Structures are given as C-alpha cells and as structure tokens.
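Take a look at the structure set out below.
Residue numbers (our numbering): 17 to 503.
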C-alpha cells in the first residue's frame, strides 16, 4: 500500500473510533443534567440515583473521547503536513478556539460536578453539568466548522506566493452553509444516540431477574426519558438530513449526491434507487430497482427537477479542474447512506416499542420467559449500538463522498499527505490500532461493570431529600448521611 492509502486508513480508523464517543458525550451530558434537575424539582431520590448512575457512564465515555481526540489532532502534523502548511491559517483557528474556550469550559465545570457532590448547593451543582454539557455543544460547533470549511471553503483566499490559504472572514468560516446545514444534523444524531443508550440500559436493567422494585421503577422512568429522546432525535435527524441534502449537498457537492444514489446519468426527473448492483469498481450499474421521480424531490424539493449524474459530473469536473478521476468509490457511498438510514430507523422503531411496553404505568414483565421477553432483551442490547453504527457510516459517507478532495475544489487528498515512508505510517497505524483495541476493551469493561452494578444503594448527599414515605429509596442511607461515591 502507498503512503497515501496508509495515511487515509489511519485517519479513517482514528476518526471513526473517536466519533463513537462524541455523540454519547454530547447527548448524555444533557440527559444527566436533566435527571439531576428533576431530582431538585421533585425531591424524588430516583432521579438523583439515575443522575449518578448515568453520570458514571458519561464520565467513562468522556475520558476515552478526550484521549482519542488528542491522537486524532496529532495526525495533521504526522501524516498530513502538506495540508496543515497550506490551510493551517484557516483550519487551525476554530480548533484553537475549541481547545481554549469550549474544552476548558466543559472540563472545568465537569470537574466541579465530579468533586462537588455534598460540597456545592444542589442547584449550583446541577448548573455545573448544564454548563459542561453546553461546552460539549460549543466544542462540536467549532470542530464541525473546521470540517465544514473542508467541505465548502469560504472566508479565505489562496496566496500563490506563500502557497497558503489566508483567512479573510472568520464569520464566513463559522457560518459556512455547510456548517449551518450539517451541525443540526450531527447534534440530532447525538441525542438519538444518547437517548438510545439510556433507554437500552434501562430496559436491560428492568428485565434483570431479582431487581428491586424501587430500582425497576426508577429505570422505568429512565426508559421513557431515553426512548422519548431517541424518537425526537430520530425525527430531527430525518428533518435535518433532508434539509442538508437539499440546501447543501445537491448545490455544492452534487457528485456526492449522485454517488449516494448510484445515479450515473443526469435525469429529468431523477429516480430514487431502492437497490443498485454495480461493477466492482462502481463505474457502472448492472442491475437497478428504482422509484420514478423520488430522487428529484429528495434532492431539490421538486418532483420534476434535474439531478446531475456521475458520468456528466465527471466530464464537467475534468473540464473545470483538469484530467483525473473525480468519482468517489460509489459502492461505499451508496451502501453507507442506506446503512445509516436503516439502522437509525430501526433504533427509532425499538424506542417506540419500548414506549409502548411502558404504557399506562406498566413495566415490561420480568417473569415472562417467552418470545416477547427475549425480543425485549435483544432490543435492549441492540438499541445503544444501532445509532453508533449509523453515525459511523454517516461520517464514512460524508468524508469518502468528498474524495478526491481534501479541501473541496482546492486541494486534493494526494497533495496533502506528508513525505513519510510507507513503513513509518504502517508502524504508527499498527500501534494506534492495537492501542485503540486495548482502549475498547477497557471502555467496554468499565461500562459493563457499572451497568451491571445498577443503581447505587449508598447514602445520598447530605442535602438530598427522600420522597415521602421513601417510595423510591434505593437502599440504606438518608438525607443526613454524607455522600461516599468516588468517581
């Protein structure tokens, strides 16, 4: 394999791996803050115990996300130094602001939240998590602004003398059309992912044999909260994804749209591909099942509009940018899009079924050993994983669909790679893969350990209040005993 191919594989592996943690961190932070706020408002212990339980999962995920994010940024200097030299003045600005403002905001207030139990007033303590969660949103915005500039470079000009892009409008970079279309879609996916995690874990806990009645009641509320969040997130993903396709992808990256639908020839109107089987290199279709006119509507909002095809766009780009192939690997883009949509819809369906299982105050039956219970257990295990799979394939489509461009229309991927040897890149690729494999074992082991531990039965913070009659008390301890939990 060439240096370019190895560098792309390394960046792809570290990026997809890192983004497993990002959506959980963003969405779960707000849900944990919501649980603690519900406890402050209602004085019911179950909400506090849920905040502490899911707070552990949040912290484990946050820590792994920080570690993998640092490694990812190092690669801009390691494997993509030519890219960094040319666009560092643009690309580095939002990343620097993210590190100096957003990351320190979230890490500082998250530290206060971790060590502030029984030390800070309850409202102030909950506010720390709200601020930390807001910090994750700001981090996402600045990082995605940098990525959006790669998708659609604005607010800059290229200086031939220095061979560098120079910033002309930072506001244009921050409010890039690619950013305004893509950021809501990513955040909607984050809440779908976090809601699915909360609901899946809660459903599994409810179905465990021998779970305490008070704990089952608490997890029933968590199940409903997570499932509602997941359903709302799924609806938002559909709306924002449709908006992104119409307002950005069709206008600014028509080749990506054509590849996602395996549309090889410009059509008026354009059919939507239900199934396309193409040649191994994706250069032409062999068998197709299509729906007339639907792609025209999905891409443009009009049933009769023209949608450019792959072959026609290739000719256009050759005339505009010079000889070469401007076609991404169609099979990957085509199937990534369908897997992304399919697993997202399946996650939403499971969330809806989970809500139905808790209707009218019901709790899924623990004693039922039939097919229904087995289906619920399988759903509980699958639910947190499906949105993660959808997020991964969504980013694979987004980034690979931009090829051969590193900065769309300005810098090709082949021109941005560092002058390393193949052996050096292969060595770092193997090291990172092994390291990430070890971190995956650590992450999964810690998550399973604390999930199996269930709700804590230890004393709550001294400022806590038990619900009248102790209806959802999780065990010994009371309002006058100090907090013993250490993260």
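For each residue, glycine too, the CB sits at the ideal point set by N, CA and C. Everything numeric in this text was worked out from a predicted model, so none of it was measured.
Secondary structure at residue 371: helix, using DSSP grouped into helix, strand and coil. DSSP places residue 43 inside the alpha helix (DSSP H), whose first and last residues are 38 to 58.
The continuous stretches of beta strand (DSSP E) do not include residue 420, and DSSP gives it neither H nor E. In this structure residue 445 touches residue 26 by the C-beta definition: roughly 4 Å separates them, less than 8 Å. Taking C-alpha positions only, residue 320 is separated from residue 160 by approximately 33 Å. Under the DSSP assignment, residue 300 falls outside any alpha helix (DSSP H); it carries neither an H nor an E label.
In the structure shown, residue 440 adopts helical secondary structure according to DSSP, grouped into three states. In the structure shown, residue 175 adopts extended strand secondary structure according to DSSP, grouped into three states. In the three-state DSSP reduction, residue 182 falls in the strand class (E or B). Taking a contact as a CB-CB distance under 8 Å, the pair residue 194 and residue 164 counts as one, their CB atoms being some 4 Å apart.
Relative to the Cα of residue 400, the nearest Cα in the group 220, 60, 125 belongs to 220. Here DSSP, grouped into helix, strand and coil, assigns residue 282 to coil. Distance between residue 375 and residue 206, taken at the CA atoms: about 26 Å. For residue 293, the secondary structure class from DSSP, reduced to helix, strand or coil, is strand.
For residue 334, the uninterrupted alpha helix (DSSP H) segment begins and ends at 326 to 337. Here DSSP, grouped into helix, strand and coil, assigns residue 209 to helix. Residue nearest to residue 448 within the set 19, 174, 33 is 33 (criterion: CA-CA distance).
DSSP places residue 191 outside both helix and strand once states are collapsed to three, so it counts as coil. Beta-bridge annotation (DSSP): residue 306 is paired with 289. Here the region 264 to 282 lies against the region 301 to 316, with 3 or more beta-carbon pairs under 8 Å apart. It is roughly 18 Å from the alpha-carbon of residue 439 to the alpha-carbon of residue 430. For residue 235, the enclosing alpha helix (DSSP H) covers residues 229 to 260. Assigned with DSSP and collapsed to three states, residue 140 falls in helix. Contact fails between the region 407 to 417 and the region 68 to 76, because fewer than three Cβ pairs, one in each stretch, are under 8 Å apart. Counting C-beta pairs with one atom in each stretch, the region 106 to 117 and the region 131 to 140 have fewer than three that are closer than 8 Å, which means they do not touch.
Between the C-alpha atoms of residue 289 and residue 276 there is a straight-line separation of about 9 Å.
The beta carbon of residue 209 is closer than 7 Å to those of 39, 40, 43, 403, 404, 407 in its chain, skipping five residues each way along the sequence. Taking every protein chain shown into account, the CB of residue 326 has 16 or more other CB atoms within 10 angstroms, so this residue is buried.
Beta-bridge pairing by DSSP links residue 323 to 283. Assignment of residue 427 by DSSP, reduced to helix, strand and coil, places it in the strand class.
When only Cα atoms are considered, residue 88 and residue 94 end up about 10 Å apart. Between the region 454 to 474 and the region 74 to 81, the count of Cβ pairs shorter than 8 Å is three or higher; the stretches touch.
Comparing C-alpha distances from residue 104 to each of 162, 48, 63 shows the shortest one belongs to 162.
For residue 100, the enclosing alpha helix (DSSP H) has its first and last residue at 97 to 113. Of the residues assessed, residue 390 falls on the exposed side of the cut-off, its CB having fewer than 16 other CB atoms within 10 angstroms. Residue environment analysis places residue 341 among the exposed positions, since fewer than 16 neighbouring C-beta atoms fall within 10 angstroms of its C-beta.
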